[in-house]
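Below is one structure, written out as structure tokens; the observations come after it.
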DNA sequence: AATGAATGAGTTTTCATTCAT
DNA sequence: CATGAATGAAAACTCATTCAT
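Chains as they are written, first to last, in the numbering used here: chain C, 14 to 218; chain L, 14 to 218; chain U, 14 to 218; chain A, 14 to 218.
Spelled out as structure tokens, the structure:
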């Protein structure tokens, strides 16, 4: 069974390496260019492989973009999971989460590719990208609710509204720093935002 | 000499109408699709005109996208100017500006097209789009400084930081509502954010 | 509306000419080569047109093959209709029909293309080609039945069987002469077969 | 030296099995698809072998198609030889031959593959396929001549014409039943045709 | 012998742009 | 001014063939 039918179909060491090289090359290319601007030749050149190898490993352009999106979502989910598993208060988790995600975005080209890709994808995939933003806000809302329960969050606003504001703040910061310097400045920017997130969640203090 | 060279030439009635129809059709098409996804045929069909007419009126694809971007920036600038000319305090101006821009984005397809277009454009134009976000933040910063001078803003944070936060909040909200329902919900969303902007600018109150 | 959406969409004289040139070029090419062996470049070269023009007029390879098939079926149907409308006996009509179709196949490259194309087409289209053979046998059966009614056919075999035999004889002759000399010999071959068809339909005489 | 060069070399058991599996898989695949539609991957998958193995055993695509053609012609020749060696009259041999070949075609996928393959092959091979139809007609003519000599055939038509008619009838039947149900119905169809072949060869009776 | 991986030439398709009327 | 037609260069995709293990 050809690898592109099932990511785990790869049988030989060399195949695994090429597949990964292609994926990382895609990350670098898609983090600079839109789906349509990026040519398969750009990717295969960047990976020092042939154009045919993309077909062998991923099937077509759409599918390699999807693979990139999957990796991005996995890595972000993993980062999130790691924060959630530490047993901290809702409040602490939110603040740490913002910083950790910012750092991930600032350093991981595959994650950046996912971010950049979202709004240039063919319809179906773009919707998948949008969904991930919605789920992100939902996750934030759950953390706010947890924070209210554990007393670490004292705001009397609804968790829904607080999550909406925090998400907007985060997403906006991500956009602005993406435009400015390809997310390099995102962690610093996020640090600067934290006092306001605190003010939002614990207004009295 | 062709209209696209001679911006204010001897346009006849029919020509003006076609040009406008094409521009508005571009707005509708580009607000749904990226620069590359949108085909000139989509636009000419949407405008009930021929593909050739686009070349007569705009020169090429790049130029019609640029025209859309120009219209968007004009309309946003006009809206802004209108708010600035009312002689209100910096604080009031900022709040009103946020709401007015949200309403504009929610209703004007050409403005939406500009928003959607930004991150799928060829390099040079994309940079122009990015610049407009930077100028927006600068404008906000100036308004904050004005608010500090006129006493309507009492925060002790630097105007630069305040402007950064407000801009991120706005941009993030715009992204989220664009994804959710093509900006329909943006005005309502912005209203919900205002209390936080107040808290930001006048923390004691 | 682009011509390839609707064959009748062509609006200008030049367009009509190019479309026809492409169709006839397709006939010549497809009568020599299978669907896959024939390259679009062969067709556009043969028609002295650009490859893009095929896209403009027909949309894609599949559709130009379908257009060829349609023309073949039309021309054969027209020939058939002409014979049927003469008000002859069933017996006479069958004999004349065989000869007329043989002549058509021997002379019309587009009809030949249809014949040659049938068994190298993508699945769906191939089935359409097969259907036309089935309908042909049905038509023959109807003529036999008519001949029995009008007394011109005296065989006591079932019309179904007679039609099956005649059709096989015809189809086999068409195959053999197609292989031998691209259908040039088909009319002569058909003439040689007629006595046997007579013997079949009027055994006593 | 590789098997495909050394037809009778030191094949090991495993090699023989793989080669045969590939050949039979080719039969199944080529009986459904044209030369170009059939991909080597289809064949190796069908044989549960690797693509590479085809090259070891057959050299290339052209050669595996040729091997299929060879097997088809061998099997048909063998069937024919068996009938010829029974010392029957020309008349009896012809009738039995038609039935036996029909049965072979109805049951042997490799023979079916040869039939289907003929008119989609690259030029040179296709000609070989066509030749086999010509030789078939010649063989039939020889049998008619034999029948005339041994008195089992009483028609006064020339053996050439009789052979032409019988071959056309056979080939046509084969085409029609191939289209209808992949040759399943061919033996029954042939049985139905026999009375007419009799009428052809012995008109008085 | 066999396999999975890799290659690259060939083909179709796409579509911005140009052209003739 | 406008249109439909035509073009050709650029891409994606396909897949027979070769390669390394």
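Backbone N, C-alpha and C define an ideal beta-carbon position, used for all residues, glycine too.
Query, Result
"Under 7 Å between C-beta atoms of residue 185/U and residue 214/A", "no"
"Complete runs of the alpha helix (DSSP H) confined to the stretch 22–90 of chain C [at least 4 residues]", "26–45, 53–59 and 64–71"
"Coarse secondary structure for residue 191/A, derived from DSSP in three states", "helix"
"Classification of residue 164/L by the beta-carbon crowding that lies within 10 angstroms, buried from 16 upward", "exposed"
"Per-residue contacts from residue 49/A into chain U (C-beta, under 9 Å)", "47, 48, 49, 50 and 133"
"Complete alpha helix (DSSP H) runs within the stretch 129–206 of chain C (minimum length 4 residues, chain order)", "136–162 and 172–194"
"Chain U residues whose Cβ lies nearer than 7 Å to that of residue 215/A", "Under the 7 Å cutoff, chain U gives no residues; its nearest Cβ is about 12 Å from residue 215/A."
"Touch test, the stretch 123–142 of chain U against the stretch 61–70 of chain U, Cβ-Cβ under 8 Å, three pairs minimum", "no"
"Under 7 Å from the C-beta of residue 153/A: neighbouring residues of chain U", "Result: empty, since nearest Cβ-Cβ is about 12 Å, beyond 7 Å."
"Interface flag, residue 33/C vs chain L, CB-CB below 7 Å", "no"
"Residue 103/A - containing alpha helix (DSSP H), residue span", "103–120"
"Residue 83/U versus 168/U, 139/U and 167/U, residue with shortest Cα-Cα distance", "139/U"
"Sub-7 Å separation of residue 196/U and residue 80/U beta-carbons", "no"
"DSSP three-state assignment for residue 100/A, whether helix, strand or coil", "coil"
"Short Cβ contact (7 Å threshold) for residue 130/C with residue 43/C", "yes"
"is_contact[residue 118/L, chain C] using C-beta, thresh 7 Å", "no"
"7 Å Cβ cutoff, residue 110/A in contact with chain U", "no"
"7 Å CB neighbourhood of residue 198/A in its chain, flanking five on each side removed", "190"
"Contact with chain U by residue 143/A, beta-carbon distance below 7 Å", "yes"
"Buried or exposed by the 16-neighbour rule on C-beta atoms within 10 Å, applied to residue 32/C", "buried"
"Close beta carbons around residue 57/A, own chain, < 7 Å, minus the five adjacent residues each side", "63, 64, 66 and 67"
"Where the stretch 181–196 of chain C meets chain L: residues whose CB sits under 7 Å from a CB there", "181, 182, 183, 184, 185, 186, 188, 189 and 192"
"Alpha-carbon spacing of residue 34/U relative to residue 60/U, whole angstroms", "6 Å"
"When 132/A, 100/A, 74/A and 156/A are compared against residue 111/A, the one with the closest alpha-carbon", "156/A"
"DSSP-derived helix/strand/coil call for residue 216/C", "coil"
"Rounded C-alpha distance that separates residue 85/U from residue 75/C", "39 Å"
"Which listed residue (210/L, 99/L and 192/L) has its alpha carbon closest to that of residue 167/L", "210/L"
"Neighbour flag for residue 88/L against chain C, beta carbons, 7 Å", "no"
"Alpha carbon of residue 105/A to alpha carbon of residue 149/A, nearest angstrom", "17 Å"
"Residue 145/A versus residue 128/A: straight-line alpha-carbon distance, rounded", "11 Å"
"Neighbouring residues, chain C, relative to residue 209/L (Cβ below 8 Å)", "178 and 213"
"Through-space distance from residue 53/L to residue 143/L, alpha-carbon basis", "24 Å"
"Contacting residues, own chain, Cβ-Cβ under 7 Å from residue 41/U (five flanking each side not counted)", "59 and 122"
"Proximity of residue 208/U and residue 115/U at Cβ, strictly below 7 Å", "no"
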